[in-house]
Ligand SMILES: Nc1ncnc2c1ncn2[C@@H]1O[C@H](COP(=O)(O)OP(=O)(O)OP(=O)(O)O)[C@@H](O)[C@H]1O
Ligand code: SF4
Ligand SMILES: [Mg+2]
């Protein structure tokens, strides 16, 4: 089998810090995240707030800040482990071969530079030999590709002159200008109105597919996943509890949490900012052994004191629950 573009294996990320009593405290925020992604595919990463979606993206991209750090696992990008790589080398890859669109577009643009200059700067950061004229031409072409009208003139605009939708397009242009193989977008359209959201996601999908990029969209909107993604991974307490092709996972959800999530979002399929499925999530400082969903699960049984292995539900569809595929039987 060909090497996947991105292969994340059993990733554990902890926040390790001293408290006021000078004791070391560890928040186990990612607890064995595994998934893979091929070029030309879009993976949706979903789960309620605090599940570890952004942290997964930052861990993959080498963008964690202390006290967060990866304590175990591998992030194989084009077959090479980013976790074992010197940070300078990961920095070189990021922006050149992998890129991230972070949340809140306006605050992630440099307010003191015109957008064309910002596009030139990211290109030259990764290719210092690139001439000004060529970088500028590419900047304008990229603005045009992301659907910015009159790109020549807009390249001279300041970030504060852009609408939210335009700023988001510029961020996508910044992420794509160096032609990355991997693109992660963390809630790329949250806060934009529905029409602009659809335009941006259509464009995103088009660019990803046209360039064979592997992309991850982090979102609270299951409708976005259903519409734009090939695969979906559902996170809970820093683990992926179910993943697979969107039609399979949403059509026949096998994990009780996925079922609760889908049942809790019947109207617009948007996962609320507050907890949608009842009790609070586990305390990351004192995680239980066994299934992390146990305290909230209506199907919990003595077996659940052991960590549930991944069970194959169908082609590429895996659910981490002891009773996946036989919940009805188990309930009876
Ligand atoms: N400095 C910190 N120390 C301890 N735990 C932290 C710290 N910062 C974040 N966390 C925890 O890390 C977990 C993962 O957070 P993350 O930002 O990845 O969630 P998310 O799934 O992206 O949520 P949202 O949907 O709200 O963006 C959260 O439970 C959070 O409480
Ligand atoms: S393993 Fe047990 S506790 Fe966990 S989701 Fe399945 S039934 Fe619920
Ligand atoms: Mg987040």
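Residue numbers (the working numbering): 41 to 372.
Yeah, the Cβ is synthetic: ideal placement off N, Cα and C, and Gly gets one too.
It should be emphasised that the depicted structure is a prediction, and the values quoted were computed from it without experimental measurement.
Cβ distance (whole Å) where residue i is taken to contact residue j below 8 Å
i           : j           : result
residue 65  : residue 59  : 5 Å
residue 104 : residue 110 : 7 Å
residue 288 : residue 206 : Their Cβ separation, rounded to whole angstroms, is 37 Å, which puts residue 288 and residue 206 out of contact at 8 Å.
residue 25  : residue 158 : Any answer about residue 25 is impossible in this case: the structure gives the chain only from 41 up to 372.
residue 194 : residue 240 : Going by Cβ atoms, the distance from residue 194 to residue 240 rounds to 16 Å, so no, they are not a contact pair.
residue 141 : residue 226 : 7 Å
residue 281 : residue 297 : 5 Å
residue 113 : residue 52  : 5 Å
residue 91  : residue 244 : Not quite, the Cβ-Cβ distance comes to about 22 Å (not below 8 Å), so this is no contact.
residue 222 : residue 137 : 7 Å
residue 175 : residue 160 : 4 Å
Beta strand (DSSP E) segment containing residue i, residue limits
i           : result
residue 125 : Segment: none, residue 125 is in no beta strand (DSSP E) and carries neither H nor E.
residue 373 : Within the shown structure, residues of the chain are numbered from 41 to 372, placing residue 373 beyond reach of any answer.
residue 273 : 271 to 276
residue 256 : 254 to 258
Reduced DSSP secondary structure (H/G/I, E/B, other) of residue i
i           : result
residue 58  : strand
residue 233 : coil
residue 44  : coil
residue 197 : coil
residue 354 : strand
residue 320 : coil
residue 339 : coil
residue 282 : strand
residue 53  : strand
residue 190 : coil
residue 292 : coil
residue 363 : coil
residue 5   : Nothing can be reported for residue 5: it is not among the residues displayed for the chain, which extend from 41 to 372.
residue 73  : strand
residue 92  : coil
residue 84  : strand
residue 302 : helix
Min CB distance residue i to chain D below 8 Å
i          : result
residue 73 : Annotation note: the requested chain D is absent from the structure, which comprises a single protein chain.
Limits of the unbroken alpha helix (DSSP H) element including residue i
i           : result
residue 225 : That residue, residue 225, is in no alpha helix (DSSP H); its beta strand (DSSP E) goes 222 to 226.
residue 327 : Neither: residue 327 is in no alpha helix (DSSP H) and is coded neither H nor E.
residue 204 : 204 to 216
residue 102 : Segment: none, residue 102 is in no alpha helix (DSSP H) and carries neither H nor E.
residue 266 : 262 to 268
**Message:** Closer than 8 Å is the cut-off here; do at least three beta carbon pairs connect the region 127 to 134 with the region 68 to 83?
**Reply:** no
**Item:** 4-residue-minimum alpha helix (DSSP H) runs that sit fully inside the region 124 to 183, ordered along the chain
**Value:** 127 to 133, 145 to 148 and 155 to 166
**the region 232 to 250 contacting the region 148 to 160, beta-carbon criterion three pairs below 8 Å** = no
**Prompt:** Is the number of C-beta pairs between the region 209 to 223 and the region 178 to 191 that are closer than 8 Å three or more?
**Reply:** yes
**Prompt:** Any contact of the region 265 to 274 with the region 324 to 333, i.e. 3+ C-beta pairs under 8 Å?
**Reply:** no
**Asked** At a cut of 8 Å, does the region 250 to 258 reach the region 155 to 175 through at least three beta carbon pairs?
**Response** no
**Asked** Do the region 121 to 129 and the region 81 to 98 make contact, defined as three or more Cβ pairs closer than 8 Å?
**Response** no
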